[in-house]
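Asks: Residue numbers (the numbering used here), protein chains in the order written: chain A, 1 to 63; chain B, 1001 to 1133. Beta carbons: idealized from backbone N, C-alpha and C, even for Gly. None of the values given here were measured: they were computed from a predicted structure.
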């Protein structure tokens, strides 16, 4: 699953640690999602989308 | 979970592991060397010495898991998924080898074999952790 998380984070000039703090997850989790080694659960995906005020499909692309 | 809380949880788990290991070493040392000729109740007390530290360490692991995020839980699950079959493989093979050639109890008794179980777990944890690094 393609993720735009790294781009969205960079646009806001947040570090992985900043984003992890906001999402209440570890920095490793943010890194794994950004590098597409890990697909987040639906609840975490919603949390990410809400944080960036976007729809889930605008953050993650299953294709 | 914020970074400070996660660090505290990790320190708790590591500290409890150290105390567990130390209590086991003390018990083994006492039973191997000093207490062989001592009264039974003292030997039993020495053998049971690591029980409470072990329970505390297991509690710390459980508390750490509850406080983990979803990826960390997956890493632990994959560690177990690696460690459990390895433990089955080892115990099955040892059992069959015991039938085949009669293993020396001084080398392959419970007191030697149990340590492989946490080793398998940490091996599995390392493999899973690397996958998501």
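Run through the DSSP bridge pairs and tell me what residue 61/A is partnered with.
Replies: Along the first chain, one-based indexing puts residue 61/A at 61. Answer is 2/A.
Asks: Which residues of chain A have a Cβ atom closer than 8 Å to the Cβ of residue 1131/B, listed in chain order?
Replies: For the purposes of this step, residue 1131/B is taken as the residue at position 131 of the second chain. Correct list: 37.
Asks: Using 10 angstroms around the beta-carbon of residue 1027/B, count the other beta-carbons present and answer buried if the total reaches 16, otherwise exposed.
Replies: As a position in the second chain, residue 1027/B is number 27, starting the count at 1. That one is buried.
Asks: Could you confirm whether any beta carbon from chain B is found closer than 8 Å to the beta carbon of residue 45/A?
Replies: For the purposes of this step, residue 45/A is taken as residue 45 along the first chain, with counting starting at 1. Not an interface residue.
Asks: Measure from the C-beta of residue 1070/B to each C-beta in chain A and report whether the shortest distance is under 8 Å.
Replies: Residue mapping note: residue 1070/B aligns to position 70 of the second chain, counting from 1. At least one chain A Cβ lies under 8 Å of residue 1070/B.
Asks: Decide if residue 1022/B is buried, meaning its Cβ has at least 16 other Cβ atoms within 10 Å, or exposed.
Replies: Residue mapping note: residue 1022/B aligns to position 22 of the second chain, counting from 1. It is exposed - the Cβ of residue 1022/B has fewer than 16 other Cβ atoms within 10 Å.
Asks: Taking residue 1118/B as the reference, which of 1079/B, 1070/B, 1063/B, 1052/B has the closest Cα?
Replies: Indexing the second chain from 1 puts residue 1118/B at position 118. Checking every option, the nearest Cα to that of residue 1118/B belongs to 1079/B.
Asks: Ends of the alpha helix (DSSP H) at residue 1039/B?
Replies: Position 39 of the second chain, counting from 1, holds the residue named residue 1039/B. Unbroken run through residue 1039/B: none, as it is neither H nor E.
Asks: Distance, Cα to Cα, residue 2/A vs residue 1085/B?
Replies: Looking up residue 2/A in the first chain gives position 2. Looking up residue 1085/B in the second chain gives position 85. When rounded, the distance between both Cα atoms is 33 Å.
Asks: Between 1081/B, 1008/B, 1074/B, 1049/B, which lies nearest to residue 1120/B when the distance is taken from Cα to Cα?
Replies: Stepping through the second chain from its first residue, residue 1120/B is reached at position 120. Checking every option, the nearest Cα to that of residue 1120/B belongs to 1081/B.
Asks: Is it true that the CB of residue 51/A sits closer than 8 Å to the CB of residue 27/A?
Replies: Counting from one through the first chain, the residue named residue 27/A turns up at place 27. Counting from one through the first chain, the residue named residue 51/A turns up at place 51. No; because the gap between Cβ atoms is not below 8 Å, this pair is not in contact.
Asks: With C-beta atoms as the reference, is residue 30/A less than 8 Å away from residue 20/A?
Replies: As a working note, residue 30/A is residue 30 in the first chain. As a working note, residue 20/A is residue 20 in the first chain. Yes, Cβ-Cβ distance for residue 30/A and residue 20/A is below 8 Å.
Asks: For the stretch 1071 to 1121 of chain B, which segments carrying the alpha helix (DSSP H) assignment without a break, of at least 4 residues, lie completely within its bounds, in sequence order?
Replies: Fully enclosed alpha helix (DSSP H) runs of 4 or longer: 1105 to 1108, 1110 to 1113.
Asks: Check whether the stretch 43 to 62 of chain A touches the stretch 1096 to 1111 of chain B, counting contact only when three or more Cβ pairs, one atom from each stretch, lie closer than 8 Å.
Replies: They do not touch, by the three-pair rule.
Asks: Does the separation of the CB atoms of residue 1047/B and residue 1058/B fall below 8 Å?
Replies: Counting from 1 along the second chain, the entry for residue 1047/B is found at position 47. Counting from 1 along the second chain, the entry for residue 1058/B is found at position 58. In this structure, residue 1058/B does not lie closer than 8 Å to residue 1047/B by Cβ.
Asks: If you run the structure through DSSP and keep just helix, strand and coil, what is residue 1049/B?
Replies: Counting from one through the second chain, the residue named residue 1049/B turns up at place 49. Looking at residue 1049/B - three-state DSSP - the assignment turns out to be coil, as it is neither helix nor strand.
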